[in-house]
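Novice: Shown below is the structure under consideration.
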Amino acid sequence: MPLNEGFLTLYLTLVTLRMQTVELLALVLTLTIATVHGDTGFLLNTRRDQENPQSIEAEVEYLVRSSFYAADPIVLNIPRWLGGSSSPEISAVVSARLQHQDSNIISVDLSEAQNETEIINRVSNLVILLNSHFNVPLDRILVVGFAEGAHLAGGVAAKVQQDLGGQLPRITALDPSSGEDLEHKLSASDAQFVEVVHTNAGEEGTWEQLGHVDYYPNGGQAQPGCSSNSCSHERSLELLAEMWSPENDFVSARCGSVENLGASNCRWSSHKMGEEQPVTGIYFLETRQSSPFARGAYYIAFL
1 MPLNEGFLTL YLTLVTLRMQ TVELLALVLT LTIATVHGDT GFLLNTRRDQ ENPQSIEAEV
61 EYLVRSSFYA ADPIVLNIPR WLGGSSSPEI SAVVSARLQH QDSNIISVDL SEAQNETEII
121 NRVSNLVILL NSHFNVPLDR ILVVGFAEGA HLAGGVAAKV QQDLGGQLPR ITALDPSSGE
181 DLEHKLSASD AQFVEVVHTN AGEEGTWEQL GHVDYYPNGG QAQPGCSSNS CSHERSLELL
241 AEMWSPENDF VSARCGSVEN LGASNCRWSS HKMGEEQPVT GIYFLETRQS SPFARGAYYI
301 AFL
């Protein structure tokens, strides 16, 4: 082989190795960034794919190619911290909603997300995209959050209001955590109407009033038939299907304070947990230990 051809071959080999090294470093850097900063993904369920969610991104092309139907209502489902596709709150919200109404259930996959600001920005950007590119009015978007997800829901709603100048209509917060490790804590100012269901207050949940209405089923701390905090905590998920049902019979009583929760201390009304906006305040109700949970008929004597 002539000398100049040998140098050319050596040169090309070195260039190839260098390119491979650069590509390898880029891959390592990408994986490192993903590990450190995490990522926020989205899962879409409709009645057309109730059992097999589609993985989507907050991009027009992804939504156009999916089963997303802009004319149907949208439920944004935000799980507990690091909650993902296997978390019970994901399937509970999907099942509870789709058995009663055609909807786009967009669940936020937080299994790889580690930054609160990144989560709030990603989810609020999705809402803005739906509003600006698909003409989805804010009043057709409901946000549901469980545990830490309740506070993240509030953060998303606040960011949407900041960016679009309009409020989301409703946040349903299911046994929110204390939120002490998060920058944004859920409050009544986050949406036009914020309803909160407390089922394990003082343990995995909080006693604190966070919404326009705060419900404390069975006193809000321990639930019938539960022998652990996690059972009481997740009971809020099991109550959701009946809250959204046309046969909702969660008759509730308005109380003066959290310290006086109980059938004898609260004023009974015809209002039911999960209905449209009642008088703001604290509400007490009793439930059964299994489905159907509502005991509406039990309270006829009190009305």
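Its first residue numbered 1, the sequence shown is counted upward by one per residue in UniProt numbering.
Glycine included, C-beta positions come from ideal geometry on N, C-alpha and C.
Nearest to T46 by CA position, among L129, F284 and S95, is which residue?
Specialist: Selected option, being the one with the closest Cα: S95.
Novice: Which residues mark the beginning and the end of the beta strand (DSSP E) in which Y283 is found?
Specialist: First-last of the beta strand (DSSP E) with Y283: G281 to L285.
Novice: Name the one or two DSSP bridge partners that L142 has.
Specialist: Its beta-bridge partners are V75 and R170.
Novice: When you compare each of N135, A92 and R97 to V60 by their alpha carbons, which one comes out closest?
Specialist: Checking every option, the nearest Cα to that of V60 belongs to N135.
Novice: From E242 to V93, what does the alpha carbon distance come to, in whole angstroms?
Specialist: Near 12 angstroms, if we compare the C-alpha coordinates of V93 and E242.
Novice: Can the beta-carbon of V123 be found closer than 8 angstroms to that of V144?
Specialist: Their beta carbons are not under 8 angstroms apart, which means V123 does not touch V144 by this criterion.
Novice: Mind listing, in chain order, the continuous alpha helix (DSSP H) runs of no fewer than 4 residues lying wholly within the segment 175 to 246?
Specialist: Runs of the alpha helix (DSSP H) inside the segment 175 to 246: 229 to 243.
Novice: What's the C-alpha gap between R295 and R65?
Specialist: R295 and R65: Cα-Cα distance of roughly 44 angstroms.
Novice: Exposed or buried, what is P53 when buried is set at 16 or more other beta-carbons lying within 10 Å of its beta-carbon?
Specialist: P53 comes out buried.
Novice: Quick one: what's got a C-beta closer than 7 angstroms to C226's C-beta in the same chain, skipping five residues either side?
Specialist: Hits under 7 angstroms: S232 and R235.
Novice: Please tell me whether S108 and F193 are closer than 8 angstroms, where the distance is taken between their beta carbons.
Specialist: Reading the sequence as shown, one finds Val at residue 108 and not Ser. It is not a contact, given that the beta carbons lie outside the stated cut-off.
Novice: Contact check, A188 vs H151 under 8 angstroms by CB: the rounded distance?
Specialist: Contact flag wrong, Cβ pair sits at about 13 angstroms.
Novice: If you draw a straight line from the C-alpha of N248 to the C-alpha of L138, how long is it?
Specialist: So the two alpha carbons sit approximately 25 angstroms from each other.
Novice: Would you tell me roughly how many angstroms separate the C-alpha atoms of L182 and L126, rounded to the nearest one?
Specialist: Cα to Cα, L182 sits roughly 21 angstroms from L126.
Novice: Would you decide whether E204 is buried or exposed? Buried here means 16 or more other CB atoms lie within 10 Å of its CB.
Specialist: Classification of E204: buried, given that the 10 Å Cβ count is 16 or more.
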